[in-house]
Amino acid sequence: MSKRAVLEVIALDPEDAVAAEAGGADRLELVADMAADGLTPPVAAFAGIRDAVGISLRVMLRLADGFEAGDVRGLVRAARELRAAGADEFVLGFLDEAGEPDLPALESVLAELDGCRWTFHRAIDRAADRDALRKRLSDLPGLDTYLTAGSAAGVDEGLPTLLAEAARRGEPGYEPRLLVGGGLRLGHVARLRAVGVDAFHIGGAARPGGWAAPVSAEAVREWRTVLDAAA
70 MSKRAVLEVI ALDPEDAVAA EAGGADRLEL VADMAADGLT PPVAAFAGIR
120 DAVGISLRVM LRLADGFEAG DVRGLVRAAR ELRAAGADEF VLGFLDEAGE
170 PDLPALESVL AELDGCRWTF HRAIDRAADR DALRKRLSDL PGLDTYLTAG
220 SAAGVDEGLP TLLAEAARRG EPGYEPRLLV GGGLRLGHVA RLRAVGVDAF
270 HIGGAARPGG WAAPVSAEAV REWRTVLDAA A
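Counting from 1 along the sequence shown, just add 69 to a position and that's the residue number in this note's numbering.
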């Protein structure tokens, strides 16, 4: 069985997508407006990227900065439109004011996704209780991944949490894949791979010129090389 780690790269447009695929990305997270940390992209943007590459796409469902659901009807409508356009993998995650998972909002959106696979994103890093959140979400259909840095402050601070959660894989609430991202650096890879982490998410690290510049195939290729060597 292949031990190749999954490399997911944030893409804003077809140019990003093509460069990420050329560099060895396995999957893209599609977003708009990184000034708000990534919002739902227009359907036309999804369609353009889908036509440009052959790798998997996970589309963000998030309409405003922060981790509260906000306009649930708008989220449901966006999910419905993206599904109609052919999207079949998603990224979402909502907390209430107390930092608990917003199950009504999640269930409303998931009803439109009809069992599609999805990632619960870094809202977990702002949760009041990470372990309790995992257990409360364990029966939601399609949830197969948590995107997390282990801490709201990033991987440097969250590394002990990530290592501990990796060790619990397979326990109730810990079956979904651990996708590490958020201040992730190449120097973290060996330690994470050593404990079985097999999925990595990069955004700014794929853009040496900053968010105003496109994804660099060369930067993505460097990550691909390091991940493959760490296997």
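Note that beta-carbon positions come from the ideal geometry of N, C-alpha and C, so glycine has one too.
Subject >> Boundaries (first-last residue) of the alpha helix (DSSP H) holding D225 >> reply: V224 to A236
Subject >> Given 8 Å, three or more beta-carbon pairs between the segment 116-125 and the segment 173-183 >> reply: no
Subject >> Rounded separation between R131 and D297 - CA only >> reply: Between R131 and D297, the C-alpha separation is close to 32 Å.
Subject >> When R293, P229, L151 and L228 are compared against L126, the one with the closest alpha-carbon >> reply: L151
**OP:** Measuring alpha carbon to alpha carbon, tell me which of V112, A180, A86 and E244 ends up nearest I124.
**Re:** A86
Original post:
Can you give the Cα-Cα distance for E166 and D194, rounded to whole angstroms?
Top reply: 14 Å
Original post:
Could you give the residue range of the alpha helix (DSSP H) that holds D200?
Top reply: Taken as a continuous stretch (DSSP letters only), the alpha helix (DSSP H) holding D200 covers R199 to L206.
Original post:
Would DSSP call H270 helix, strand or coil?
Top reply: In the structure shown, H270 sits in a strand (DSSP, three-state: E or B).
Original post:
From what residue to what residue does the alpha helix (DSSP H) around L175 run?
Top reply: L172 to L182
Subject >> Closest residue to L255 among E98, A299 and G242 (Cα-Cα distance) >> reply: Nearest option by C-alpha distance: A299.
**OP:** State buried or exposed for E244, treating a residue as buried only when at least 16 other CB atoms are found within 10 Å of its CB.
**Re:** exposed
Original post:
If we ignore side chains and look at the alpha-carbon of each, how far apart do D95 and W292 end up?
Top reply: 12 Å
Original post:
Looking at the unbroken beta strand (DSSP E) that takes in I79, where does it start and where does it end?
Top reply: V75 to A80
Subject >> Enclosing beta strand (DSSP E) for L164 [first to last residue] >> reply: From DSSP, L164 is part of no beta strand (DSSP E); its letter is neither H nor E.
Subject >> Cβ neighbours of V178 in the same chain (closer than 7 Å, five flanking residues each side left out) >> reply: Shown here for V178: same chain residues with a beta carbon closer than 7 Å to its own, the five before and five after excluded, namely L130, L144, V145, A148 and L161 in chain order.
Original post:
Is the Cβ-Cβ distance between L108 and A101 less than 8 Å?
Top reply: yes
Original post:
At which residue ranges does the segment 77-131 contain complete alpha helix (DSSP H) runs of 4 or more residues, listed in the order of the chain?
Top reply: The DSSP assignment places complete alpha helix (DSSP H) segments of no fewer than 4 residues inside the segment 77-131 at 83-92 and 112-121, in order along the chain.
Original post:
So is R262 buried or exposed if we call it buried at 16+ other beta carbons inside 10 Å?
Top reply: buried
**OP:** Report the residue from E158, L97, A196 and P241 whose alpha carbon sits nearest the alpha carbon of E137.
**Re:** A196
Subject >> Segment limits, alpha helix (DSSP H) that includes W292 >> reply: A286 to A299
Subject >> Limits of the unbroken beta strand (DSSP E) element including R186 >> reply: R186 to F189
**OP:** Since I believe F269 is in contact with A80 (beta carbons under 8 Å), could you give me their beta-carbon distance rounded to a whole number of angstroms?
**Re:** The Cβ separation is near 15 Å, so there is no contact.
Original post:
Does the beta-carbon distance from G93 to V284 come in below 8 Å?
Top reply: no
**OP:** Can you tell me which of the three DSSP states V264 falls into?
**Re:** coil
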